[in-house]
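Asker: Take the sequence shown: its letter number 365 is residue 671 in the numbering used here, and every next letter is one higher.
Cβ atoms here follow ideal geometry from the backbone N, Cα and C, with glycine treated the same way.
Since this is a predicted model, take the numbers as computed values, not measurements.
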Amino acid sequence: MKIRFIHTADLHLETPFKGLSDNNEGLANKLKDATFNAFRNIVNVCISRRVDFLVIAGDIFDNEIKSIQAQLRFISELKRLSDHHIPVYFNCGNHDFLDSWSPSLHMPPGIYRFGKNLECFTYQRDGMVIADIYGISFAKKEVKENLASRYKMGDHPSPFSIAVLHGTIGPAGAHHNYAPFELGDIRSESFDYWALGHIHNKSIVYDAHPMVIYPGNPQGRDFGETGAKGCFLVDIEGGQIPQIEFIPVQTIRFEKIAIDISGIDDITLISQKVPEAFPSIEDYDATVSIILRIRFTGRTGLHAQLNKPGASEDLRNALNEDQLTEDPFLWVAQIDIDTRPDINLDEISQGNDFPAEALQVFDHYSEDGNSRKDLLKKIEAEMLSAPIKKELVALGSGDEKELIEKAKWLILDQILTQ
307 MKIRFIHTAD
317 LHLETPFKGL
327 SDNNEGLANK
337 LKDATFNAFR
347 NIVNVCISRR
357 VDFLVIAGDI
367 FDNEIKSIQA
377 QLRFISELKR
387 LSDHHIPVYF
397 NCGNHDFLDS
407 WSPSLHMPPG
417 IYRFGKNLEC
427 FTYQRDGMVI
437 ADIYGISFAK
447 KEVKENLASR
457 YKMGDHPSPF
467 SIAVLHGTIG
477 PAGAHHNYAP
487 FELGDIRSES
497 FDYWALGHIH
507 NKSIVYDAHP
517 MVIYPGNPQG
527 RDFGETGAKG
537 CFLVDIEGGQ
547 IPQIEFIPVQ
557 TIRFEKIAID
567 ISGIDDITLI
577 SQKVPEAFPS
587 IEDYDATVSI
597 ILRIRFTGRT
607 GLHAQLNKPG
617 ASEDLRNALN
627 EDQLTEDPFL
637 WVAQIDIDTR
647 PDINLDEISQ
657 GNDFPAEALQ
667 VFDHYSEDGN
677 SRKDLLKKIE
687 AEMLSAPIKK
697 ELVALGSGDE
707 KELIEKAKWL
717 ILDQILTQ
């Protein structure tokens with residue numbers, strides 16, 4: 307006997323993508339549908355891979371205040387699964403806790419939502435009892451209780467037992483520490499699989515028995531959620547460790563890339579370097595749209611031009627021109643210039659002229675922390691701008707060195723150019 311199901315979590319339907327789309331209506335429209343498209347892709351996978359059921363481990367919506375349109379789109383996808391006789395088992399997390407759901411939202415047949423106490427729904431196939439699916443929903447937004455400790459299997463379990471839990475195992479990282487638990491809390495019960503939700507990076511917490519997995523969110527929402535995003539296809543056969551397959555479903559991907567433009571002195575060649583860098587992206591998929599944060603590096607004759615005020619924004623606008631008419635599209639959200647002039651430092655340092663002397667001064671401040679702090683105090687004293695004074699006071703050692711390094715290259719470039 308065996309079962310096959312899809313495990314997903316943290317759909318965050320109707321995520322607003324604040325900041326990215328505020329000033330661009332075209333990008334806003336693309337992003338508005340991204341989370342729904344990812345869920346639609348999950349439903350497509352359920353149907354095409356002929357799964358027994360779908361499990362969603364919380365945070366279906368991004369906000370407790372759900373628009374009517376978002377609720378109807380969610381129900382529409384559930385109906386597609388219901389029409390294919392594919393049950394759905396889901397719990398509610400901190401973003402879509404039980405009390406936030408509208409009582410007028412009626413689920414299609416075969417859709418099961420867990421309540422605030424541990425519940426068990428039994429899946430049957432062709433009249434045979436196949437699996438027990440256990441779960442608890444958040445009754446309110448902030449749950450500090452160890453919900454995992456409540457998961458106890460029944461006296462007469464089905465051939466397979468699945469636990470659906472929204473919570474935090476170990477360090478919370480960037481996420482709120484809701485429903486915290488440890489691996490030891492869930493290994494005492496003989497569940498075959500723990501379908502977790504809440505952490506947005508996919509993670510195989512434990513790959514033996516019971517298997518414990520966070521699928522991550524199926525659609526990245528910012529540059530803290532880069533990489534391939536999707537769901538897990540799970541196959542379990544009696545007495546064996548589950549077999550899993552990660553399936554990407556996102557339609558828009560967030561990525562940060564560094565592009566070396568060493569030796570390039572023709573600004574028109576920059577646009578060619580961007581797509582050339584794509585194969586370096588892990589699990590790159592040419593069918594998925596990309597929102598990029600680019601850092602240009604290397605020694606280049608374009609250094610001075612790229613570091614002029616407004617240059618990076620002009621370059622970003624040029625790269626984005628007509629992109630939103632493409633499918634898939636490429637959108638550059640930010641460009642950071644971390645280039646160096648095309649200068650041979652060894653050659654300069656061996657000279658007896660002013661550039662060599664300037665280089666020695668910068669090297670001294672870079673290496674001597676006390677001298678560097680004295681210098682920055684003098685700069686701070688001469689500054690009239692209160693915000694700049696505040697920034698200087700807040701600098702750490704690494705920030706100080708970076709500031710000296712950038713100043714070194716800017717000044718050397720000016721000296722050697724003139």
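To the nearest angstrom, how far is the alpha carbon of serine 467 from that of phenylalanine 584?
Answerer: In a straight line, the C-alpha of serine 467 is about 42 Å away from that of phenylalanine 584.
Asker: Going by C-alpha distance, which of Leu665, Asp316, Asp389, Leu333 is nearest proline 755?
Answerer: As shown, the chain starts at 307 and ends at 724. That puts residue 755 outside it, with no answer to give.
Asker: Looking only at DSSP bridge pairs, what is threonine 645 linked to?
Answerer: The partner list for threonine 645 (beta bridge, DSSP) reads Gly604.
Asker: Measuring alpha carbon to alpha carbon, tell me which of His401, Glu543, Asp644, Ala687 ends up nearest histidine 318.
Answerer: Of His401, Glu543, Asp644, Ala687, the residue nearest in Cα terms is His401.
Asker: Using the DSSP secondary-structure output, state which residues sit across from phenylalanine 396 in a beta bridge.
Answerer: Paired residue(s): Ile362, Arg419.
Asker: Label isoleucine 374 either buried or exposed according to how many other C-beta atoms from any shown protein chain fall within 10 Å of its C-beta, with 16 as the threshold for buried.
Answerer: That one is exposed.
Asker: Taking the straight line between their C-alpha atoms, what separation do you get for aspartate 541 and asparagine 330?
Answerer: Going from the Cα of aspartate 541 to the Cα of asparagine 330 covers about 43 Å.
Asker: Note down the Cα distance separating alanine 501 from glycine 473, rounded to an integer number of angstroms.
Answerer: So the alpha carbons of these two residues sit roughly 11 Å apart.
Asker: According to DSSP, simplified to helix, strand and coil, what is histidine 670?
Answerer: Note: histidine 670 maps to helix in three-state DSSP.
Asker: Grab me the residues of histidine 390's own chain with a C-beta within less than 6 Å of its C-beta, minus the 5 sequence neighbours each way, in chain order.
Answerer: Counting only Cβ-Cβ distances below 6 Å, and skipping sequence neighbours, we find Ile353.
Asker: Tell me the DSSP secondary structure of phenylalanine 466 in three-state form.
Answerer: Phenylalanine 466 falls in the strand class under three-state DSSP.
Asker: Do the CB positions of threonine 606 and aspartate 572 come within less than 8 Å of each other?
Answerer: No.
Asker: Relative to the C-alpha of tyrosine 418, which candidate in Thr428, Trp407, Tyr395 has its C-alpha closest?
Answerer: Out of Thr428, Trp407, Tyr395, Tyr395 has the C-alpha closest to the C-alpha of tyrosine 418.
Asker: What does a CB cutoff of less than 8 Å around valine 594 pick up in its chain, not counting 5 residues either side in sequence?
Answerer: The answer, listed in chain order, is Pro554, Gln556, Thr557, Ile558, Arg559, Pro634.
Asker: Could you give the first and the last residue of the continuous beta strand (DSSP E) run that contains phenylalanine 584?
Answerer: Careful: phenylalanine 584 lies outside any beta strand (DSSP E) and carries neither H nor E.
Asker: Do phenylalanine 487 and alanine 454 have their beta-carbon atoms positioned less than 8 Å apart in this structure?
Answerer: Contact: yes.
Asker: Quick check: alanine 639 and leucine 598, are their CB atoms within less than 8 Å of each other?
Answerer: The answer is yes: Cβ separation under 8 Å.
Asker: Would you report the Cα separation of methionine 689 and glutamate 697, rounded to the nearest angstrom?
Answerer: One C-alpha to the other measures close to 11 Å.
Asker: Do leucine 360 and isoleucine 381 have their C-beta atoms within less than 8 Å of each other?
Answerer: Not closer than 8 Å, so no.
Asker: Taking the CB atoms as reference points, tell me whether alanine 437 and aspartate 405 lie closer together than 8 Å.
Answerer: Contact flag unset, no.
Asker: Who are the Cβ neighbours of leucine 424 in its own chain at under 8 Å, not counting the five residues just before and after it?
Answerer: Within the same chain, leucine 424 has close Cβ partners Tyr440, Gly441, Ile442, Arg456, Tyr457, Lys458.
Asker: Considering only DSSP beta bridges, list what arginine 599 is partnered with.
Answerer: For arginine 599, which the question treats as bridged, DSSP gives the partners Lys562, Gln640.
Asker: Using three-state DSSP, classify lysine 385 as helix, strand or coil.
Answerer: Looking at lysine 385 - three-state DSSP - the assignment turns out to be helix.
Asker: Suppose the cutoff is 7 Å on Cβ atoms and the five residues either side in sequence are ignored; what does the same chain contact list for glycine 526 look like?
Answerer: Once the five neighbours on either side are set aside, the close Cβ partners of glycine 526 are Thr532, Lys535, Gln556, Arg559, Phe560.
Asker: With a Cβ-Cβ cutoff of 8 Å, do glycine 364 and glycine 522 count as a contact?
Answerer: In this structure, glycine 522 does not lie closer than 8 Å to glycine 364 by Cβ.
Asker: Look at the alpha carbon of tyrosine 520 and the alpha carbon of proline 477, and state the distance between them as a whole number of angstroms.
Answerer: Near 14 Å, if we compare the C-alpha coordinates of proline 477 and tyrosine 520.
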